[in-house]
Amino acid sequence: MSAPTSAQGAQAAQGAQGVQGLQGLQPTKLLPRLGLLGVVFFGLAYMAPGIVTSTFGVVSGASRGAAPTAYLIATAAMLLTAIAYAVLARAYPNAGSAYTYVGKTLGRVAGFFAGWVILLDYLFLPMVAWLIQSTYLHAQFPGIPLWVWLVVNVGATTAINLLGIALADRVNIVLTVAAMASVAALVVVLLLFLGREGGAPVSSALWNEETSVVAVSSAAAVAAYSFLGFDAISTLSEETKEPKRDIPRGIVLAVLIGGCIFVGVSLLMQLVHPGGAFDDPDTAGYTISIFAGGAAFTNINNLVSVIAGFGSGLAIQATSSRLLFVMGRDGVLPRAVFGRLSNAFRVPWLNILLIGAIGMFGMLLDIGTATAYINFGAFLAFALVNIAFLVWIWRRAERSRPVAARALLSLVPIAGFAVDLYLFSQLHPEAYAVGGVWLALGVVMLAVATGGFRRPVPVLSER
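Structure follows, in structure tokens:
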């Protein structure tokens, strides 16, 4: 019996080598092409700093005329989670983001569910970005149907991302610069108006007799949605030349730059329009822009902003496809589909096409419904990453670090977790329903990946 068994073993070994040889023909590593500038610009494009003009009316109304204070609090709150991402990105320079960080510290099962819940954000946020972009373009050019704009946006973004991260980086930088120029033009117009006509005292825009702690806290929760996307920078770790240096810096810089834009623009708008009362909060930014700069300026600037907003969909699709790739590479998602890279450009081409296909379903949804799909996953993943950071401080960090220093550092993830839990509690009931269904699907996917829970969760890959 021993001779046949040895022969069978030799044949099995040869077969395994053959399979590995075939797999070797398929690229398994992303190409490092990005520097710090590209990383930061991807984060800013994802966050879309110009969104402050769209959310200003709602935030100002909720805060009773203290929008800049609400944005300032939101910036500080999101910075806590950004620090957690930054530290873990340095420790684990892998494109898996929350999936990797939670998996490496809390275990593979927790890591799978962290990755699964953030996928709800990453899969549907591109659809929301394309839907918003197409809705604005349809409003500017009503003669062209909404579905045509959606096809153009999804098709162009998908084509660029399929041609590699280097091209996507160059296009994204140009579009983000255009978006920043649009915001800068509005700032100049608002400053000129205030210099010419005067405005409310700065103190009243920060806090006034109608403002309360409860009102500002509620408004800060709304303002925090503007920061969604800074975490996606971490999915670019394997395509960054110096990931341990540039990814942590990029995450923190994106939040700080975005926060400065949100606070600065909202302050000027609040000075032009004191108080939080608007005929239509959703169009308050547009109304203030017309009031300060005229209809011609506003329409031209809005068009530039809308075109530049194309970069948001570009960045979101690019980063989302990388998380799918890492989970596919590890085998927690079907490797044959999600773990593949193109030979020519080393991009997860099937993932990019899948996200583009999901984006086309935007024709069947309104913006409010589509947005409900994403917030559940984002804030739950943020909370899990803060827990992972806390565990890393005490289990993974250098033992030479004094206990007092570790205790002090622990305040960051504890505060970040509390903020994320509060934001999670403020979601619309529909978000919990969608999230619950998504988690149930995750259990099914995990069962498939582990053969009905008979096998362990696949080991997380290293870079």
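Going by the numbering used here, the first residue of the sequence shown is number 238, and it counts up by one from there. Even for Gly, the Cβ is constructed at its ideal location relative to N, Cα and C. As the structure is a prediction and not an experimental result, all values here were calculated from the model.
Let me check understanding here. Comparing Cα to Cα, which of the options lies closest to residue i?
| i | options | result |
| --- | --- | --- |
| residue 555 | 448, 396, 371 and 602 | 396 |
| residue 504 | 578, 296, 611 and 283 | 296 |
| residue 363 | 350, 291, 282 and 640 | 282 |
| residue 480 | 340, 272 and 446 | 272 |
| residue 439 | 425, 506 and 384 | 506 |
| residue 654 | 680, 620 and 522 | 620 |
| residue 519 | 533, 289 and 573 | 289 |
| residue 304 | 511, 381, 270 and 675 | 511 |
| residue 632 | 424, 652 and 328 | 328 |
| residue 340 | 626, 404, 535 and 313 | 626 |
| residue 377 | 470, 664 and 538 | 538 |
Determine the direct distance from the alpha carbon of residue j to that of residue i, and round the result to whole angstroms.
| i | j | result |
| --- | --- | --- |
| residue 280 | residue 473 | 10 Å |
| residue 264 | residue 576 | 10 Å |
| residue 509 | residue 524 | 11 Å |
| residue 444 | residue 428 | 21 Å |
| residue 548 | residue 593 | 15 Å |
| residue 642 | residue 648 | 10 Å |
| residue 578 | residue 462 | 32 Å |
| residue 514 | residue 294 | 8 Å |
| residue 571 | residue 565 | 6 Å |
| residue 616 | residue 662 | 10 Å |
| residue 317 | residue 646 | 11 Å |
| residue 692 | residue 385 | 47 Å |
| residue 544 | residue 413 | 10 Å |
| residue 276 | residue 477 | 8 Å |
| residue 703 | residue 529 | Here the chain has residues from 238 to 700 only, and residue 703 is not among them. |
| residue 580 | residue 650 | 40 Å |
| residue 534 | residue 424 | 12 Å |
Give a yes or no on whether the C-beta atoms belonging to residue i and residue j are separated by under 8 Å.
| i | j | result |
| --- | --- | --- |
| residue 442 | residue 301 | no |
| residue 338 | residue 357 | no |
| residue 311 | residue 552 | no |
| residue 623 | residue 657 | yes |
| residue 319 | residue 456 | no |
| residue 315 | residue 464 | yes |
| residue 346 | residue 618 | no |
| residue 330 | residue 527 | no |
| residue 336 | residue 563 | yes |
| residue 672 | residue 614 | yes |
| residue 560 | residue 352 | yes |
Going along the chain, which residues of its own chain have a beta-carbon closer than 7 Å to the beta-carbon of residue i, five neighbours each way excluded?
| i | result |
| --- | --- |
| residue 542 | 287, 416 and 419 |
| residue 690 | 684 |
| residue 599 | 364, 367, 368, 387 and 607 |
| residue 628 | 342 and 343 |
| residue 360 | 557, 592 and 595 |
| residue 370 | 390, 543, 546, 547 and 550 |
Can you give me the Cβ contacts of residue i inside the same chain, cut-off strictly under 6 Å, excluding the 5 residues immediately before and after it?
| i | result |
| --- | --- |
| residue 695 | 567, 568 and 569 |
| residue 308 | 460, 499, 500 and 503 |
| residue 190 | The requested residue 190 is not part of the displayed model; the chain covers only 238 to 700. |
| residue 268 | 583 |
Which stretch, first to last residue, makes up the alpha helix (DSSP H) that contains residue i?
| i | result |
| --- | --- |
| residue 485 | 480-509 |
| residue 657 | 640-662 |
| residue 694 | Neither: residue 694 is in no alpha helix (DSSP H) and is coded neither H nor E. |
| residue 414 | 402-434 |
| residue 306 | 304-328 |
| residue 350 | 345-377 |
| residue 584 | Run containing residue 584: none; DSSP gives neither H nor E here. |
Once you ignore the five residues that flank residue i on each side, which residues in its own chain have a CB closer than 8 Å to its CB?
| i | result |
| --- | --- |
| residue 467 | 280, 283, 284, 315, 319, 322, 488, 491, 492 and 495 |
Is any heavy atom of the ligand NAD found at a distance shorter than 7 Å from the C-beta of residue i?
| i | result |
| --- | --- |
| residue 555 | With respect to the ligand NAD, the structure offers nothing, as it holds no ligand at all. |
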